[in-house]
Every structure is written in C-alpha cells, then in structure tokens.
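Trainee: Structure below; questions to follow.
Protein chains in written order, with the numbering used here: chain A, 1 to 287; chain B, 1001 to 1130.
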C-alpha cells in the first residue's frame, strides 16, 4: 500500500514538473532533483541520475512534436550537440567519480542552488525582455550553412534569419552540457538564451531545437550513471512516465495558457528550492 | 533515392523537413515502446511488490548483476528494459541523421553527427569500465 502511494506521488510530482517544463521550454529537472532529495530523502547522486533519464523522456516527447512542425533547426542542433555532449559527459564523470562522499554531496547542493538561482534570474529577465538584436554576420554560419528560415507560426509569417556568434554558442552549449551531467537537468536554460539571445535564432525555434538537444545531452550523462549502477529502477520509472505525461499535456496547453503567470510561479518554486538546497549544502538543515 | 554517382551536395530544405518528420516519428516510437515497458514494470511492482523496491538491483553494465535484476522479479527487469529503450532512442536519432547526411554526401555534417555518436560511445565506455 505504501509502495503504491509512493509510486503515485512520484508520478504526480513528475507530471507537474513535466507540464511546467514543457510550458517554459525547460526540462523538469530543476523541480525533480530537489523534490526527490528533500521530500523522499533520496541520495543526491541517485536523484540526479533519475532526473537525467526523465529529461530523455521529456525531450523525446516534446521534440517529436516540434520536429513534425518543422520548428527544429537540425544543422544548428547537430553542431551544438557536439559541445553539449562533451559537457554532459564531463559533468556526469565529475558527479559520479569526483563529487562522491558527504563533502562532494555538499558541493553539489551548493552548485545546484547557484544554478537554480541564476536560472530563476534569467526567467525574471525574460519576463521583461526587450527586442533581440540581430547578431553581426558570422562567416562560420556560412561555412556550416546555418542561416535558415523560420516557418510561419500562428499570425507570424515565414522569415529567414542569419545566425551569429557561432563560437560563443558552442561555448555556452558546453556549459549547458556540464550543468546537465552535473545536476541532472536538460541544460535548456543555457541553450535557449544562447541560441535566442546570442546567436539570433527565433525564440520558438531556439526552444524547439533545445528540446531535441537535451535528449542527447542527457543520454551522455545517463549512460554513465546507468552503466555504473547508479539508477534505481522503481524510482526512475514513475518519474520518467510522469514527466512524459506532463510534457505531452504541457505541449498541448502551450498555446492556450498565458505563460507569464506560470513563469512567475515557477520562479518562486525555483528560488525556494535553491534556498533549501543551499541550506542543505551548508549543513544548516539535516536530512 | 538519389541517382547513382551523384555529386556531393547538401540537404535541400525538403530533405531537411523529411528528416525532421522521420526523426519525430522515431522519437515517438522509441518513447512509446519504453513507456509500455515502464508501465508494465510499475504494474508488476504494484501487483507483487519486489522485496527491496528502491534498491538499484545491481543495475547493470560491467557491474551488471543479472542475478540482482532477476531477483527483483518481472517488475525490475521490465523497468530496466524500458530504461534501456529510452536511452537508446536519442542514439537511434543520431544514427538516422548520420545515415541521411551520408546519403546526400554532406560530409561535414556526416563528421559532426558521427562525432556525437562516437562521444556517446565514450559515455558507454566510461560508464561500463571506468
């Protein structure tokens, strides 16, 4: 009976994270890791592994939809994936081999708090984001044939755009990859601003492309954890199924819900989670 | 598809949208199969709970403990299978991309996608042996 309750509650929390993630173009990892650690008292390494696997489900669920709508910039995604996968691998190795033991766990908590806070601040900045300026012409974009066309969506007509700052985009993608393997998140919170704000890719295309990339990024880390035996099957299954369901629901709600209010709620939840993780990491609270 | 001995070329926008559709379909199939196994595993777990539901059950790789997974019963091996299908799905997506660029002889992107595949191979080696 208790088992059923635990599985059901995991499923529900993961579904909520999936809905929020799909609405905001982020994986649900920023909610799932703190929930597993703080509510279910799961070891932080196992929570990260669980969350990474759920990111793959989120990615496959949302990217399949966006792919069929032609919203994914394939060439750009494939190119940036090189950097995110290297980062994802490095992050997972750091977490599973270096940051082990109580001291490593404390460090992970503090890093998690920092990253979550910066993500929350980015979301707040987005709330009153101004216009994106077109980046300067970049020969690398010609070399890799990255200049593309954004298909018509809703009332917006089709438009072509130039991609800029390719090297900076690669660098930020590497950082996104590290954060993914290190913390069990998709890394979309770095990839979307990198593509949209820095490289000049339209927002919808940036978040759709990111949703495809987070799957392969998370896979790089998930393979390390899975093969090292750091995955709890019955913890991962309800979380993966829950986030997938939530994602499918969220991508459908995407058009009908105003995201400003949800975004604000998400920011509050993230800041609260960051504070709790920080207190945990600094040893102020015990679990 | 393409004529024999076609010169090196790049994917046209219709090639790219066809690739998009095939990638979407592949992701949908992969995640669907995985979800079936995961749900079946959860059902097994509810019907006959394993002795130690929240252990890692010796999952797997070089630390593979088939006996550990077997001891967990159908719930554990169903979920394990589902997890492997899930992880294989993005890998399949990269393989499909390599193949598409190869067919159009867009060699720089063959290189890029192969590199991603290679890096995922490194992940397997790191996870299984290091």
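No residue lacks a Cβ here, since even glycine has one placed at the ideal position from N, Cα and C.
Can you tell me where the alpha helix (DSSP H) with residue 1037 of chain B in it begins and where it stops?
Mentor: As a working mapping, residue 1037 of chain B is identified with position 37 in the second chain. Segment 1013-1047, the alpha helix (DSSP H) holding residue 1037 of chain B.
Trainee: Considering only residues of the same chain and omitting the five flanking positions on each side of residue 11 of chain A, which have a CB-CB separation below 7 angstroms?
Mentor: Sequence index remark: in the first chain, residue 11 of chain A carries index 11 (1-based). If we look at residue 11 of chain A and ignore the five residues flanking it on each side, its Cβ neighbours are 238, 241, 242.
Trainee: Give the secondary structure of residue 1054 of chain B by DSSP, where H, G and I count as helix, E and B as strand, and everything else as coil.
Mentor: Indexing the second chain from 1 puts residue 1054 of chain B at position 54. Reduced to three states, the DSSP call for residue 1054 of chain B is coil.
Trainee: Please name the residue in A:188, A:232, A:184, A:215 whose C-alpha comes closest to that of residue 23 of chain A.
Mentor: One-based indexing of the first chain puts residue 23 of chain A at position 23. The candidate whose alpha carbon is nearest that of residue 23 of chain A is A:188.
Trainee: If you follow the beta strand (DSSP E) that residue 75 of chain A is part of, which residue opens it and which one closes it?
Mentor: Counted from its first residue, the first chain places residue 75 of chain A at position 75. Here residue 75 of chain A belongs to no beta strand (DSSP E); instead the alpha helix (DSSP H) covers 74-93.
Trainee: Whole angstroms is fine: what's the gap from residue 266 of chain A's alpha carbon to residue 1088 of chain B's?
Mentor: As a working mapping, residue 266 of chain A is identified with position 266 in the first chain. As a working mapping, residue 1088 of chain B is identified with position 88 in the second chain. Between residue 266 of chain A and residue 1088 of chain B, the C-alpha separation is close to 31 angstroms.
Trainee: Tell me whether residue 96 of chain A sits in a helix, a strand or coil according to DSSP, three-state version.
Mentor: By one-based count along the first chain, residue 96 of chain A stands at place 96. Here residue 96 of chain A sits in helix by DSSP.
Trainee: Take the Cβ of residue 284 of chain A as the centre, count every other Cβ of all protein chains shown within 10 Å, and call the residue buried at 16 or more, exposed below.
Mentor: By 1-based counting over the first chain, the position of residue 284 of chain A is 284. Exposed, by the Cβ-count rule.
Trainee: With the cut-off set at 8 angstroms, would you say residue 45 of chain A and residue 96 of chain A are in Cβ contact?
Mentor: Position 45 of the first chain holds residue 45 of chain A. Position 96 of the first chain holds residue 96 of chain A. Cβ atoms of residue 45 of chain A and residue 96 of chain A: closer than 8 angstroms.
Trainee: Tell me where the beta strand (DSSP E) around residue 236 of chain A begins and ends.
Mentor: Along the first chain, one-based indexing puts residue 236 of chain A at 236. It is not in any beta strand (DSSP E) - residue 236 of chain A instead sits in the alpha helix (DSSP H) that spans 233-253.
Trainee: Does residue 103 of chain A pass the burial test, meaning 16 or more other C-beta atoms within 10 Å, or should it be called exposed?
Mentor: Counted from its first residue, the first chain places residue 103 of chain A at position 103. Looking at its Cβ environment, which holds fewer than 16 other Cβ atoms inside 10 Å, residue 103 of chain A is exposed.
Trainee: Return helix, strand or coil for residue 155 of chain A, following the three-state DSSP convention.
Mentor: Within the first chain, the letter at position 155 stands for residue 155 of chain A. Coil, per DSSP.
Trainee: Span of the alpha helix (DSSP H) holding residue 205 of chain A?
Mentor: Counting from 1 along the first chain, the entry for residue 205 of chain A is found at position 205. First-last of the alpha helix (DSSP H) with residue 205 of chain A: 203-228.
Trainee: Just to make sure I have the definition right: I need the residues of chain B whose C-beta is within less than 8 angstroms of the C-beta of residue 63 of chain A. Which are they?
Mentor: The sequence position of residue 63 of chain A within the first chain is 63, counting from 1. The answer, in chain order, is 1023, 1024, 1027.
Trainee: Hey, out of A:274, A:94, A:93, A:74, whose CA is closest to residue 1094 of chain B's CA?
Mentor: Counting from one through the second chain, the residue named residue 1094 of chain B turns up at place 94. Cα-wise, what sits closest to residue 1094 of chain B is A:74.
Trainee: Please classify residue 270 of chain A: does DSSP put it in a helix, a strand, or coil?
Mentor: In the first chain, residue 270 of chain A corresponds to position 270, counting from 1. Residue state, collapsed to three classes: helix.
Trainee: Looking at chain A, is there any beta carbon in it that lies within less than 8 angstroms of the beta carbon of residue 1127 of chain B?
Mentor: Working through the second chain from its first residue, we reach residue 1127 of chain B at position 127. Chain A, which has a Cβ nearer than 8 angstroms to the Cβ of residue 1127 of chain B, makes this yes.
Trainee: Taking the alpha-carbon of residue 1015 of chain B as reference, which of A:70, A:107, A:51 has the nearest alpha-carbon?
Mentor: Here residue 1015 of chain B refers to the residue found at position 15 when the second chain is read from its first residue. When only C-alpha atoms are compared, the closest one is A:70.
Trainee: Could you check where the beta strand (DSSP E) with residue 149 of chain A kicks off and where it finishes?
Mentor: As a first step, residue 149 of chain A must be located in the first chain, where it is residue number 149. Taken as a continuous stretch (DSSP letters only), the beta strand (DSSP E) holding residue 149 of chain A covers 148-150.
Trainee: Could you give the first and the last residue of the continuous alpha helix (DSSP H) run that contains residue 40 of chain A?
Mentor: Taking the first chain and counting its residues from 1, one reaches residue 40 of chain A at position 40. It is not in any alpha helix (DSSP H) - residue 40 of chain A carries neither H nor E in the DSSP assignment.
Trainee: For residue 56 of chain A and residue 1129 of chain B, what's the separation of their Cα atoms in angstroms?
Mentor: Walking along the first chain from the start, residue 56 of chain A turns up at place 56. Walking along the second chain from the start, residue 1129 of chain B turns up at place 129. Rounded to whole angstroms, residue 56 of chain A to residue 1129 of chain B spans 23 angstroms at the Cα level.
Trainee: Within 8 angstroms (strictly less), CB to CB, does residue 1075 of chain B reach chain A?
Mentor: Translated into the one-based positions of the second chain, residue 1075 of chain B becomes position 75. Cβ-Cβ to chain A under 8 angstroms: yes for residue 1075 of chain B.
Trainee: What are the residues that DSSP puts in a beta bridge with residue 160 of chain A?
Mentor: Here the question's residue 160 of chain A lines up with position 160 in the first chain. A:149.
Trainee: At a Cβ threshold of 8 angstroms, is residue 1096 of chain B touching chain A?
Mentor: To locate residue 1096 of chain B, count along the second chain from 1; it is residue 96. Answer no: the Cβ-Cβ gap between residue 1096 of chain B and chain A never drops below 8 angstroms.
Trainee: Suppose contacts are defined by Cβ-Cβ distances below 8 angstroms. Is residue 245 of chain A in contact with residue 18 of chain A by that definition?
Mentor: To locate residue 245 of chain A, count along the first chain from 1; it is residue 245. To locate residue 18 of chain A, count along the first chain from 1; it is residue 18. Closer than 8 angstroms, so yes.
Trainee: Would you tell me roughly how many angstroms separate the C-alpha atoms of residue 1076 of chain B and residue 36 of chain A, rounded to the nearest one?
Mentor: Residue numbering aside, residue 1076 of chain B sits at position 76 when the second chain is read from its first letter. Residue numbering aside, residue 36 of chain A sits at position 36 when the first chain is read from its first letter. Approximately 20 angstroms, taken between the alpha carbons.
Trainee: Find out if the Cβ-Cβ distance for the pair residue 221 of chain A, residue 52 of chain A is shorter than 8 angstroms.
Mentor: For the purposes of this step, residue 221 of chain A is identified with residue 221 of the first chain, where counting begins at 1. For the purposes of this step, residue 52 of chain A is identified with residue 52 of the first chain, where counting begins at 1. Yes.
Trainee: Could you check if residue 1009 of chain B is buried or exposed, using at least 16 other CB atoms within 10 Å of its CB as the buried criterion?
Mentor: Along the second chain, one-based indexing puts residue 1009 of chain B at 9. Exposed is the call here.
Trainee: At a CB-CB cut-off below 7 angstroms, which residues of chain A make contact with residue 1051 of chain B?
Mentor: Taking the second chain and counting its residues from 1, one reaches residue 1051 of chain B at position 51. Chain A residues near residue 1051 of chain B: none, gap ~11 angstroms exceeds 7 angstroms.
Trainee: Between the region 192-211 of chain A and the region 223-231 of chain A, do at least 3 Cβ pairs fall closer than 8 angstroms?
Mentor: Result no; under three Cβ-Cβ pairs closer than 8 angstroms.
Trainee: Which residue wins for smallest C-alpha separation from residue 43 of chain A, given the options A:106, A:81, A:21, A:14?
Mentor: Against the first chain, residue 43 of chain A aligns to sequence position 43. Ranking A:106, A:81, A:21, A:14 by Cα distance to residue 43 of chain A puts A:106 first.
Trainee: Is residue 219 of chain A close to chain B, meaning its C-beta is less than 8 angstroms from at least one C-beta of that chain?
Mentor: Counting from one through the first chain, the residue named residue 219 of chain A turns up at place 219. Yes - at least one Cβ of chain B is within 8 angstroms of the one on residue 219 of chain A.
Trainee: Does the Cβ of residue 1111 of chain B have 16 or more other Cβ atoms within 10 Å, making it buried, or fewer, making it exposed?
Mentor: The residue given as residue 1111 of chain B occupies position 111 in the second chain. By the 10 Å Cβ count, residue 1111 of chain B comes out exposed.
Trainee: Would you mind working out which of A:268, A:63, A:13, A:90 sits nearest residue 251 of chain A, comparing C-alpha positions?
Mentor: Within the first chain, residue 251 of chain A is the residue found at index 251, counting from 1. Comparing Cα-Cα distances from residue 251 of chain A to each of A:268, A:63, A:13, A:90, the minimum goes to A:63.
Trainee: For residue 150 of chain A, collect the residues of the same chain with a Cβ closer than 7 angstroms to its Cβ; drop the 5 residues on either side in sequence, then sort them by chain order.
Mentor: As a position in the first chain, residue 150 of chain A is number 150, starting the count at 1. Within the same chain, residue 150 of chain A has close Cβ partners 158, 159, 161, 202, 205.
Trainee: For residue 1091 of chain B, does the count of other Cβ atoms within 10 angstroms reach 16, so buried, or fall short, so exposed?
Mentor: For the purposes of this step, residue 1091 of chain B is taken as residue 91 along the second chain, with counting starting at 1. Classification for residue 1091 of chain B: buried.
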